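Enquirer: Those sequence lines, one after another, are chains R and G.
For the first sequence, this note's numbering assigns the number 243 to the initial residue and increments by one for each residue that follows.
For the second sequence, this note's numbering assigns the number 243 to the initial residue and increments by one for each residue that follows.
Please find one structure pasted underneath; my questions will follow.
Number of protein chains: 2
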Amino acid sequence: METKLDERKAAILKAIVQDYVREGEPVGSKRLVEGWGLGVSSATVRAEMAALEEAGYIAQPHTSAGRIPTDKGYRYFVDALAERTPLSEHQRQTLLDLLRDSSDLEELLRRASTVLSRLTRYAALVVAPALDRSRLRHIELVQLGPTSVLVVFIADTGRVDKRMLDLDAPVTEHDVARARHAVNEAAAGLRTSQTPDVVAGIATGAPPEVRPLLEAVADAVRRGLSSPPPGEQIIVGGTANMAAPGYFERLEQVKSVYETLEEQVIVLQMLQDALQVGDPAVRIGHELPLVELAACSVVAASYDAAGSSAGTVGVLGPTRMDYPRTLAVVQAVASSIEQALAGITGSSGAEPTRN
Amino acid sequence: METKLDERKAAILKAIVQDYVREGEPVGSKRLVEGWGLGVSSATVRAEMAALEEAGYIAQPHTSAGRIPTDKGYRYFVDALAERTPLSEHQRQTLLDLLRDSSDLEELLRRASTVLSRLTRYAALVVAPALDRSRLRHIELVQLGPTSVLVVFIADTGRVDKRMLDLDAPVTEHDVARARHAVNEAAAGLRTSQTPDVVAGIATGAPPEVRPLLEAVADAVRRGLSSPPPGEQIIVGGTANMAAPGYFERLEQVKSVYETLEEQVIVLQMLQDALQVGDPAVRIGHELPLVELAACSVVAASYDAAGSSAGTVGVLGPTRMDYPRTLAVVQAVASSIEQALAGITGSSGAEPTRN
DNA sequence: GGCTGGCACTCCCGGTGCATGATTGCCAGC
DNA sequence: GCTGGCAATCATGCACCGGGAGTGCCAGCC
Chain R
243 METKLDERKA AILKAIVQDY VREGEPVGSK RLVEGWGLGV SSATVRAEMA ALEEAGYIAQ
303 PHTSAGRIPT DKGYRYFVDA LAERTPLSEH QRQTLLDLLR DSSDLEELLR RASTVLSRLT
363 RYAALVVAPA LDRSRLRHIE LVQLGPTSVL VVFIADTGRV DKRMLDLDAP VTEHDVARAR
423 HAVNEAAAGL RTSQTPDVVA GIATGAPPEV RPLLEAVADA VRRGLSSPPP GEQIIVGGTA
483 NMAAPGYFER LEQVKSVYET LEEQVIVLQM LQDALQVGDP AVRIGHELPL VELAACSVVA
543 ASYDAAGSSA GTVGVLGPTR MDYPRTLAVV QAVASSIEQA LAGITGSSGA EPTRN
Chain G
243 METKLDERKA AILKAIVQDY VREGEPVGSK RLVEGWGLGV SSATVRAEMA ALEEAGYIAQ
303 PHTSAGRIPT DKGYRYFVDA LAERTPLSEH QRQTLLDLLR DSSDLEELLR RASTVLSRLT
363 RYAALVVAPA LDRSRLRHIE LVQLGPTSVL VVFIADTGRV DKRMLDLDAP VTEHDVARAR
423 HAVNEAAAGL RTSQTPDVVA GIATGAPPEV RPLLEAVADA VRRGLSSPPP GEQIIVGGTA
483 NMAAPGYFER LEQVKSVYET LEEQVIVLQM LQDALQVGDP AVRIGHELPL VELAACSVVA
543 ASYDAAGSSA GTVGVLGPTR MDYPRTLAVV QAVASSIEQA LAGITGSSGA EPTRN
């Protein structure tokens, strides 16, 4: 696998990618020299294109058609040829204002999803921040039945989560009140990761009548905080974009894309997987772990909260994607979420933006 | 508009609808007499078909093609010709077991959505039960910032909801504690519909330092309880089914269907709208309020909780829909939700929520 | 009077042939 | 090493055509 293309081949590949992404049609040598000012004749371009095809960067849908980039071609383009075109300061500010205006985390993420899909015209994927890094603000215990108690966790990000307890033996209102008090006394302000152990700790020293309850709470906290409940974790938006004309030919492909998008676990894993190679990450066509998505690409970036990686945003689109712009938008949304999140959590400190 | 078809026309219309729904191709007179044992010749059938077309029940895509039902034809079929074929006892039981096994409300609804889309092969729409009928169990106020307070409502069904308050003036921890106490003193056990007024009532008599806070809480309660927040209210599943071959020809149609499904407000209104005419309800093609969905139908049914209508389930599919089966499945899912819900709200079950 | 078989007609659909145009690969010449 | 020229390839659009499906109509039959 060649590592570097000479300058002219690179310019031709770049032009092919850009032209094809814009127009959606295979691009030929004549069109290239006329539209992209390459300064050589079409015959020369043809020779270069033949070499590029030989090397696997471009392909012909059929003889006597122009060339289209292969996954490898897009990959080279993204890695070596694409010019970063960050959003203008004005655009970034508008974006940030929109997100900062959200009343809570959920609305923030929902807006992020909407704006991401609108700006890119692809499907938006927004993963909620893991509760892990937030601090516990309050734990509320509410008795709903003789043996059933609802545990509600409230984090300092405004996130609220809950678990139902089904106890072996009935408890009294009084027991519940004692447990509530004990738990909050001990756990408020803790990192969520520490909370289960702390609660378990106070359970061991507690009087026997509240001990089972506290143990159950500890368990619920452990399970409840480790992973957000399904359906809360990832927000998918703008899926209608995937049915836009020019992206996919066969209905069959569109259907399998929608099937994949419905599997939240898969989408989540795909994003995680993508970010293993870097941040922001671009995964093109066959680089994705799913054959159904061989005609798709993913662009993803993570956003931080309280100094460490918290959640992920990304888009799923066709391999024929405007990578530079998509990267810019995804990164801008990620950093705006980061800033808006800082506003919501309350600490108004400035944080480093990444680019 | 003729009110009733004679017996033979009805039999022919019925056969046309059933055949077309099964095969997806326009059905001609020959096929009709051969496949449906009408006991007359094709010429006779042709004469009747001409009359049916004249009356608007069927149409020809083009000359020399068979006939397909019009919206009016489907409507007559649903109203007068379709044989109800309820699910078998075994199927109902399996369904009920599946739903009853859910750990909380959200999982219940999610499973309902999945099973509904699997069984019907259309897109499933599940509307969460309105909080309205439940009783308030606890209101928690959590201060997240100087002017931001999170209000968490906990209902006796285990449902948890929250709103963020953005106050004009900063409040102290102490004020928040006082307000929390006052609110819970007054509001616990109330029907959610009464709660806002009660809270507003105690606000008027409260000391000036907590009064703005209480008013804000009253307002949050009013807004928060009247309608669940977006994204929690309706669960859409099985959307990939809408891209199945044989339903829609043009990608354009598929796209507009997906666009509509993303607008939760619209979907909600559509379901409400449909149920105005009856329960279960069927809306066919142009009967739907949206022109984009002229090629779609909706089948919906409501489910009760605590004796009155609580939520809605339904499917969105092509007008070429298996109405009898869909009706049976939708009704079975609705009644299974009802029963599973009774188990959850009842004695020991758990129920869930959002966060 | 209503049903039926027959028949001419319409029109989609698939296949074929052909002209067109886009694009390529190659080569000889500069 | 680049360029212009040229033959070759092949999708695309169009016209044409025949088969087939389905229809509407009508005369005749029960």
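The beta-carbon is built from N, C-alpha and C at its ideal position, and this holds for glycine as well.
Since the model is a prediction, treat every value here as computed from it, not as a measurement.
Look at the alpha carbon of T336/G and the alpha carbon of R352/G, and state the distance between them as a whole number of angstroms.
Expert: C-alpha separation (whole angstroms): 16 Å.
Enquirer: Compare the C-beta of L530/G against all C-beta atoms of chain R and say whether one is closer than 9 Å.
Expert: No, no contact with chain R.
Enquirer: Kindly confirm or deny that the stretch 283–300 of chain G and the stretch 243–261 of chain G touch, where touching means at least three C-beta pairs closer than 8 Å.
Expert: Segments in contact, yes.
Enquirer: Please report whether the beta-carbon of H332/R lies at a distance below 9 Å from any beta-carbon of chain G.
Expert: Closer than 9 Å: no.
Enquirer: What does a CB cutoff of less than 6 Å around G591/R pick up in its chain, not counting 5 residues either side in sequence?
Expert: Residue confidence is low: G591/R scores 31 on pLDDT, short of 50, so the model does not pin down where it sits. Its coordinate-derived value is still stated next. Cβ neighbours of G591/R beyond the five flanking positions: none.
Enquirer: Please report the distance separating the alpha-carbon of L367/G from that of I477/G.
Expert: Looking at the two C-alpha atoms, the distance is approximately 6 Å.
Enquirer: Any C-beta of chain G sitting closer than 9 Å to the C-beta of P438/R?
Expert: Chain G, which has no Cβ nearer than 9 Å to the Cβ of P438/R, makes this no.
Enquirer: For L367/G, name the three-state secondary structure that DSSP assigns.
Expert: Note: L367/G maps to strand in three-state DSSP.
Enquirer: Nearest by alpha-carbon distance to K272/R: which of P450/R, V263/R, I254/R, R264/R is it?
Expert: Looking at the Cα atoms, I254/R is the closest of the given residues.
Enquirer: With respect to the alpha helix (DSSP H) encompassing E427/G, which residues constitute its N-terminal and C-terminal limits?
Expert: Here the alpha helix (DSSP H) through E427/G covers 415–429.
Enquirer: So with Cβ pairs under 9 Å, would you call L504/R a contact of chain G?
Expert: Checking the displayed sequence, the identity of residue 504/R turns out to be Glu instead of Leu. Closer than 9 Å to some Cβ of chain G, the Cβ of E504/R qualifies, so yes.
Enquirer: Run through chain G and tell me which residues come within less than 8 Å of V496/R, C-beta to C-beta.
Expert: In chain order: A485, L493, V496.
Enquirer: Please tell me whether S345/G has its Cβ less than 9 Å away from any Cβ of chain R.
Expert: Yes, because at least one Cβ of chain R sits closer than 9 Å to the Cβ of S345/G.
Enquirer: Who are the near neighbours of Y500/R in its chain, counting only those whose CB is closer than 8 Å to its CB and skipping five residues on each side?
Expert: Answer for Y500/R: T481, M484, listed in chain order.
Enquirer: Thinking A445/G and A462/G are a contact (beta carbons under 8 Å), I'd like their distance in whole angstroms, please.
Expert: Wrong, their Cβ atoms sit about 12 Å apart, outside the cutoff.
Enquirer: Determine, for L386/G, whether the minimum Cβ-Cβ distance to residues of chain R falls below 9 Å.
Expert: Yes, L386/G counts as interfacial toward chain R.
Enquirer: Tell me, which residues are paired with H380/G by DSSP?
Expert: I396/G, per the DSSP bridge assignment.
Enquirer: Do R567/G and T362/G have their beta-carbon atoms positioned less than 9 Å apart in this structure?
Expert: Against a cut-off of 9 Å, the Cβ pair of R567/G and T362/G comes out as a contact.
Enquirer: Taking the CB atoms as reference points, tell me whether L510/R and Q475/R lie closer together than 9 Å.
Expert: Closer than 9 Å, so yes.
Enquirer: Give the single residue among G559/R, D521/R, A543/R whose Cα lies nearest to the Cα of V496/R.
Expert: Ranking G559/R, D521/R, A543/R by Cα distance to V496/R puts G559/R first.
Enquirer: Is V402/R close to chain G? Criterion is C-beta to C-beta, closer than 9 Å.
Expert: Yes - at least one Cβ of chain G is within 9 Å of the one on V402/R.
Enquirer: Name the chain R residues whose beta carbon is nearer than 9 Å to that of R379/G?
Expert: Residues of chain R passing the Cβ test: V384, Q385, L386, L392.
Enquirer: Going by CA-CA distance only, name the one from L455/R, E249/R, H528/R, L274/R that's closest to A322/R.
Expert: Considering only alpha carbons, the answer is E249/R.
Enquirer: Measuring alpha carbon to alpha carbon, tell me which of D521/R, E349/R, S390/R, P328/R ends up nearest V540/R.
Expert: When only C-alpha atoms are compared, the closest one is D521/R.
Enquirer: What three-state label does DSSP hand R405/G in the structure shown?
Expert: R405/G falls in the strand class under three-state DSSP.
Enquirer: What are the complete alpha helix (DSSP H) segments, minimum 4 residues, inside the stretch 474–545 of chain G?
Expert: Correct list: 493–504, 506–517.
Enquirer: Does the Cβ of T561/R have 16 or more other Cβ atoms within 10 Å, making it buried, or fewer, making it exposed?
Expert: With 16 or more Cβ atoms within 10 Å of its Cβ, T561/R is classed as buried.
Enquirer: Leaving aside the five residues before and after L274/R along the sequence, list all residues of the same chain whose C-beta is less than 6 Å from its C-beta, in chain order.
Expert: If we look at L274/R and ignore the five residues flanking it on each side, its Cβ neighbours are A257, V287.
Enquirer: How many angstroms separate the CA atom of S577/G from the CA atom of G556/G?
Expert: Using only the alpha carbons, I get a separation of about 12 Å.
Enquirer: On the three-pair Cβ rule with 8 Å, is the stretch 379–389 of chain G touching the stretch 341–356 of chain G?
Expert: They do not touch, by the three-pair rule.
Enquirer: Check whether the Cβ atoms of V425/R and V394/G sit closer than 9 Å, and answer yes or no.
Expert: Not in contact: V425/R and V394/G (Cβ atoms no closer than 9 Å).
Enquirer: Check distances from the C-beta atoms of the stretch 406–418 of chain G to those of chain R and list, in chain order, the residues that come in under 8 Å.
Expert: Per Cβ criterion, the list reads M406, D408.
Enquirer: Taking 9 Å as the CB-CB cut-off, is D398/G touching chain R?
Expert: Yes, its Cβ sits closer than 9 Å to a Cβ of chain R.
Enquirer: Please report the distance separating the alpha-carbon of E534/R from that of I508/R.
Expert: Looking at the two C-alpha atoms, the distance is approximately 12 Å.
Enquirer: Using DSSP with H/G/I as helix, E/B as strand and the rest coil, what is T434/R?
Expert: Coil at T434/R, not helix or strand.
Enquirer: Could you tell me the alpha carbon to alpha carbon distance between A292/R and G308/R, rounded to whole angstroms?
Expert: Going by the C-alpha atoms only, they are around 11 Å apart.
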